[in-house]
Amino acid sequence: MLKVATVCSGIGAPEKALTRLGISYELVCFSEIDEAAITSYCSIHNVDRNKNFGSLTEVNEKPIPLDIDLLVGGTPCQSFSVAGKGEGGDEGSGTRSSLMWSYLQFISISKPKVVVWENVPGVLTQKHLHNFRRFYFMLLAYGYNIYSEVVNAKYFNVPQNRERLFLIAIRKDVDCGYKFPIGYDSGMRIKHVLQDDVSTIMELPNLEKMELYQPYIDEQTHKIIRCGFLNWNKYRQTNVILSIEGIAECVMYSDDSYNGAKIYDNRIKGKEIIRRFSAVESFRLMGFTDKDYDKCRYKVVDGKKVNNVRETNLYAQAGNSIVVTVLMAIFGVLYGINDWEDKVYQERKKTPEQLLYELPLFRYMEEVDRDAS
């Protein structure tokens, strides 16, 4: 049984991925400071709060577990992100992203067999690359082989354009090599993750400033398809209106549910609305289930269903998470789970032959055959 620890744990995407893959594990500890996220984490994974290590900044003040097979951490990315202030993550700077150095201290003490670090690709830009290089070379010095790749969640059965850098460090005494999984377009689109019934409170203000236009939609819809603009907020992504025939922009970390792109929900003629994603839909976009959402949102007290975590907190928790299906693919390859593709793509899994015929050359030949007939 794997002994697992996570830091900056959020609502526990790594734990969820392991569970869905059927990998048995023992939780050594998780590390989270946000009270709402702790509540959601414990609700989803049925874990007691005493498993919480607390703030990662206290890494030198608390005993560190030494027997860890897998350590996963998506340390804060805001200071590296193009959507943030670009403050960086230099050690001792006090920025949120500088927590990566506390994570490194945790690694240096615990020496887990496998380390996974997730962050935004912005850490690879010229301004921030020195932090990534130092992090990388310190892990080499600790006795790890390093594998890294920028992975887009849209290739792992969620309709979201979300690029993230994954670094996998495997201790040299147990390393057998690693190759990142290669995903594909499963056909999942925004329309496939939408709720059937959406409350009227989902509608947006200031629609008089809205501009809608007819997008060009061809058979290649595995992309962000914009169909309008709101002109009411200074942030571009908040103004964008998306067609549900395409995929979503990156789900953002925010406790303001009006942030992020909006969708033109035109599934029912005569009831078309411009709206934001619901919290349930945000969970789906991150690979979590409706049952996970319900566990976070509500609890049962004296036989009655009462509020557990506020809706606004759930928006933030979704945007702050790692996509579950991406981790399932990464862990599936790492631990030799032969049917990981079945569990990631489910009924949308494609055969090698189907993927072959989707190559540009074969598409071109099909078009030639159609034209000839």
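In case it helps, numbering that gives the first Met the number 0 puts the sequence shown at residues 0 to 372. No residue lacks a Cβ here, since even glycine has one placed at the ideal position from N, Cα and C. Just so you know, these numbers come straight off a predicted model, no measurement behind them.
Provide the residue(s) that pair with A168 in DSSP beta bridges, ordered along the chain.
Counting from one through the sequence shown, the residue named residue 168 turns up at place 169. As DSSP reads the structure, A168 sits in a beta bridge with V114, I145.
Identify, in the order they occur along the chain, each residue of the same chain with its Cβ nearer than 7 Å to the Cβ of L103, setting aside the five sequence neighbours on each side.
On the sequence shown, residue 103 is found 104 positions in, with the first residue counted as 1. F134, M137.
Per-residue burial, I216 [other beta carbons within 10 Å of its own, 16 or more giving buried]
Here residue 216 refers to the residue found at position 217 when the sequence shown is read from its first residue. With fewer than 16 Cβ atoms within 10 Å of its Cβ, I216 is classed as exposed.
Please classify P351: is it buried, with 16 or more other beta-carbons within 10 angstroms of its beta-carbon, or exposed?
On the sequence shown, position 352 is the one that residue 351 refers to. That one is exposed.
Same chain, Cβ closer than 7 Å to L326, five either side skipped, listed in chain order:
Start at 1 with the first residue of the sequence shown, and residue 326 comes out as number 327. Counting only residues of its own chain and dropping the five nearest sequence neighbours on each side, L326 has a CB closer than 7 Å to the CB of A12, P13, A16.
Please go through the region 234 to 319 and give each complete alpha helix (DSSP H) segment of 4 or more residues, from N-terminal end onward.
With a minimum length of 4 residues, the continuous alpha helix (DSSP H) runs that stay inside the region 234 to 319 are 235 to 238, 278 to 284, 289 to 296, 310 to 318.
Tell me whether T5 sits in a helix, a strand or coil according to DSSP, three-state version.
In the sequence shown, the residue the question calls residue 5 occupies position 6. Strand, per DSSP.
Does DSSP classify C226 as helix, strand or coil?
Position 227 of the sequence shown, counting from 1, holds the residue named residue 226. Secondary structure at C226: strand, using DSSP grouped into helix, strand and coil.
What would DSSP say about R188, mapped onto helix, strand or coil?
In the sequence shown, residue 188 corresponds to position 189, counting from 1. In the three-state reduction of the DSSP assignment, R188 falls in the coil class.
By DSSP's criteria, N45 is part of a beta bridge. Which residues make up the other side?
As a first step, residue 45 is located in the sequence shown; it is residue number 46 there, counting from the start. According to DSSP, N45 bridges with nothing at all.
Tell me, which residues are paired with S23 by DSSP?
Translated into the one-based positions of the sequence shown, residue 23 becomes position 24. Answer is none; S23 lacks a bridge partner.
What number of angstroms, rounded off, separates the C-alpha of V114 from the C-alpha of K171?
In the sequence shown, counting from the first residue as 1, residue 114 sits at position 115. In the sequence shown, counting from the first residue as 1, residue 171 sits at position 172. Whole-angstrom Cα-Cα distance: 12 Å.
Suppose contacts are defined by Cβ-Cβ distances below 8 Å. Is Y344 in contact with N156 by that definition?
Here residue 344 refers to the residue found at position 345 of the sequence shown. Here residue 156 refers to the residue found at position 157 of the sequence shown. A contact, by the Cβ cut-off of 8 Å.
Please go through the same chain and pick out, in chain order, the residues whose beta-carbon is closer than 6 Å to the beta-carbon of L1, but skip the five residues on each side of it.
Reading the sequence shown from its first residue, position 2 is the one you call residue 1. Contacts found: Y24, D68, L69.
Note down the Cα distance separating I189 from D195, rounded to an integer number of angstroms.
Here residue 189 refers to the residue found at position 190 of the sequence shown. Here residue 195 refers to the residue found at position 196 of the sequence shown. A straight-line Cα-Cα distance of about 13 Å links I189 and D195.
Comparing alpha-carbon positions, which option in G302, D301, V300, T311 lies nearest Y292?
The residue you call residue 292 lines up with position 293 of the sequence shown. Comparing Cα-Cα distances from Y292 to each of G302, D301, V300, T311, the minimum goes to T311.
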